[in-house]
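Numbering (this note's numbering), first residue to last: 226 to 410.
Here it is as structure tokens:
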């Protein structure tokens, strides 16, 4: 009589087979996660840049109030900078000037190469100069932050990705309140 144990089919999976399937599922899940992360990368980077600008504006407002000094913000097509009103000699008002802030926090910032700024002040579009050389002779910020904690004009800054046509908007009121919105495609 033949052995019944040899005739029976194996039931279930071996540990090795289960481990191979788990490994393959893990690789596929990792590839999916990375693909989604890359696809969301531009949107995430735009959001981070907008939030960074919002935070720096709040810090500049606090700095101007605590240090009792006037600050300014100047936007270029792909960068922005903060400046401070420097009162030269008391007896000579002609040497009063705007000077770029060089500290680590409010230092000039550049955007990703595919990103760009659009600026509206009080509902009017502003043509942004290409570089500091364009405004060297009569440098003046576009936005003023007063030592009282107020901003000269309400303004809207849009950070746009020129490749994927996505953008985020930062709305800033004269009292310093801000709102970030994602623009629809």
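C-beta: ideal position from N, C-alpha, C; glycine also.
In this text the structure is predicted, and so the values were computed from the model without any measurement.
C-alpha distance - residue i paired with residue j, whole-angstrom precision
i	j	result
residue 336	residue 272	12 Å
residue 245	residue 257	18 Å
residue 312	residue 294	10 Å
residue 377	residue 248	59 Å
residue 296	residue 289	6 Å
residue 285	residue 405	18 Å
residue 365	residue 252	55 Å
residue 408	residue 315	48 Å
residue 292	residue 255	50 Å
residue 401	residue 281	12 Å
residue 278	residue 298	11 Å
residue 374	residue 395	18 Å
Start and end residues, beta strand (DSSP E) containing residue i
i	result
residue 390	Per DSSP, residue 390 belongs to no beta strand (DSSP E) and is neither H nor E.
residue 382	380-386
residue 365	Where residue 365 is concerned, there is no enclosing beta strand (DSSP E), given that its DSSP letter is neither H nor E.
residue 345	340-346
Endpoints, alpha helix (DSSP H) assigned at residue i
i	result
residue 266	266-292
Beta bridge counterpart(s) of residue i as assigned by DSSP
i	result
residue 311	322
residue 305	300 and 334
residue 408	392
Per-residue DSSP class, three states only, for residue i
i	result
residue 241	helix
residue 402	coil
residue 251	helix
residue 397	strand
residue 351	strand
C-beta atoms of residue i and residue j nearer than 9 Å
i	j	result
residue 325	residue 350	no
residue 342	residue 301	yes
residue 310	residue 328	no
residue 333	residue 304	yes
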